[in-house]
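Read left to right, the sequence shown gives residues 16 to 394 (the working numbering).
Note that beta-carbon positions come from the ideal geometry of N, C-alpha and C, so glycine has one too.
Computed from a predicted structure; not experimentally measured.
To start, the structure under review is shown below, and the notes come after it.
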Amino acid sequence: MAKLSTLENLADTHGTPLFIVDHDIVRKNYRDFKKYLPRVQVFYAVKANSDPEIIKTLYEQGSSFDVASMNEFLLVHKYIEDLDDDARQKFIWEKIIYANPIKDRGTLRELDKYKPLVTFDNMDEIYKIKEFAPNAGLVLRIKVPNTGAMVELSSKFGADPGTSVEMIETAHSLGLVVEGLSFHVGSQTTNFENYIQALNIAAGIIAEARMKGYEKLKIVDIGGGFPAPYDTNVEPFRELAKKLNSEIDRLFDDKIEIIAEPGRFLVATACTAVASVIGRADRDEKRCYYINDGVYHTFSGIIFDHCKYRLQAFKTGPKEICAVFGPTCDALDTISLAEELPDLDIGDMVYSENIGAYSRASSTWFNGFPPAAIVHINQ
Ligand SMILES: *Cc1c(COP(=O)(O)O)cnc(C)c1O
């Protein structure tokens, strides 16, 4: 995180609520990911934080991107304009995976002209793709255990491993090519066993498909889920990477290309929110602070991401248990009922670290309060 004095100066200059993106940290997270998982190509999951400046920084580092809507696709696709014809052909496949297994017909129709790589996980999607995006390459998303992940995804997506080869054969019989497999072990996964099991399930499907004469699976997409170091209980990324590297090398020959879609890991620690105390009351013998950012805004991750954020004050002094609420008129707009803060006055500022993922990306304008302003540092 940037120095406290820097945060305070930025908040004085730009006002609050403020969302500060430190691009040095985005770059460091990207380099760490590459350093510890050298065999894995990074496809940043744009939904974690779709700020165009973050996409730009990662693009300049050499990242590729996982997109899940036409608008996200276009946020990345604009970089094709700087390329010559040869590079343009490669760009679509090497830089973008459309990793939402469900796509409406209009989106497929629009995507088709790009000959993109798209995921699917059910029979209806195969027929839709055949009809509306026959030029797409396919990646089959399989269902894998999400045990102990902060955000569970396996109830919404993923083909049953038992039906996977049949689906691959169906797609093949329609003249489509299934290029590989993908999975997601659940976001903020601290149970590394999920990855090991998922890799083994994928290897089993590749072996079964080969046995039946289907040799075209050449991508294994290990998805996202890589945990951000929100607290000291999260085992360091290099420990997970060690386990992944040895299992990947054991299971997949070098004809198989390994890609990943980290979202949270790349951006969570890169951003800090700064807000101001706008109101104060003592209720039931508990101090309540009202600040100018909340769960409909930068702290949306409390609801949508099941994430807890610690608030800290710039001011020092003995701390007391207090409640902290956002600015809207809804009681749901509660940041914490048990935060520890020193005695604060109206106008004092608080900050929250590690708030770069699934935060401002899902901010609303609820109650007429606009999303926090963004400042970029170390760009
Ligand atoms: C959300 C998502 C990701 C990113 O997940 P993180 O846990 O933030 O790394 C990657 N791939 C897919 C398909 C997703 O839906």
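- Taking the Cβ of E87 as the reference point, every heavy atom of ligand 1 lies at 7 Å or farther away.
- When secondary structure is reduced to three states using DSSP, E368 falls in the coil class, being assigned neither helix nor strand.
- In this structure K118 is buried. Its beta-carbon is surrounded by 16 or more other beta-carbon atoms within 10 angstroms.
- In terms of Cα proximity to P32, the closest of L196, M364 and G195 is M364.
- Between V82 and Y113, the beta carbon gap of about 6 Å places them in contact (Cβ cut-off 8 Å).
- Counting along the chain, the unbroken beta strand (DSSP E) around S291 starts and ends at C286 to R298.
- Shortest gap from the CB of A114 to any heavy atom of ligand 1: under 7 Å.
- Rounded to the nearest whole angstrom, the CA to CA distance from M16 to V36 is 9 Å.
- In this structure, DSSP gives M138 a helical state, which the three-state scheme calls helix.
- Proximity of the stretch 326-343 to the stretch 66-85 falls short of the contact definition, fewer than three beta-carbon pairs being nearer than 8 Å.
- Annotation: the continuous beta strand (DSSP E) that includes F80 extends over S79 to V82.
- Between the C-alpha atoms of Y210 and E368 there is a straight-line separation of about 27 Å.
- Inter-residue distance for Y59 and D299 is about 46 Å (C-alpha atoms, whole angstroms).
- For P357, the enclosing beta strand (DSSP E) stretches over residues T349 to P357.
- For R253, the shortest C-beta to heavy atom distance toward ligand 1 is 7 Å or greater.
- In this structure, the alpha-carbon of Q104 lies about 21 Å from that of V235.
- A Cβ-Cβ distance of about 16 Å is found for the pair T134 and R120, leaving them out of contact under the 8 Å criterion.
- The beta carbons of V159 and F198 sit about 4 Å from each other, so the pair counts as a contact at 8 Å.
- With contacts defined as CB atoms closer than 8 Å, I336 and G309 fail to qualify as a contacting pair.
- A contact is defined here as three or more CB-CB pairs under 8 Å, and the stretch 271-281 meets this definition with respect to the stretch 45-56.
- By the neighbour-count criterion, in which 16 or more other beta carbons inside 10 Å mark a residue as buried, F319 falls on the exposed side.
- Residues D37, H38 and D39 of the same chain have their beta carbon placed closer than 6 Å to that of N393, with the five preceding and five following residues left out of the count.
- Of the other Cβ atoms in all chains shown, 16 or more fall within 10 Å of the Cβ of D348; this residue is therefore buried.
- As the crow flies, the alpha-carbon of G238 is around 24 Å from that of I95.
- Here the alpha carbons of S79 and I221 stand approximately 24 Å from one another.
- Here H391 is bridged, per DSSP, to V36.
- Bounds of any alpha helix (DSSP H) do not take in M165; it lies within the beta strand (DSSP E) bounded by A164 to V166.
- The criterion of a C-beta distance shorter than 8 Å is not satisfied by G316 and S378.
- Per the coordinates, the alpha-carbon of F329 lies some 12 Å from the alpha-carbon of N24.
- Following the DSSP letters along the chain, one finds K71 in no beta strand (DSSP E) but inside the alpha helix (DSSP H) bounded by residues P67 to Q76.
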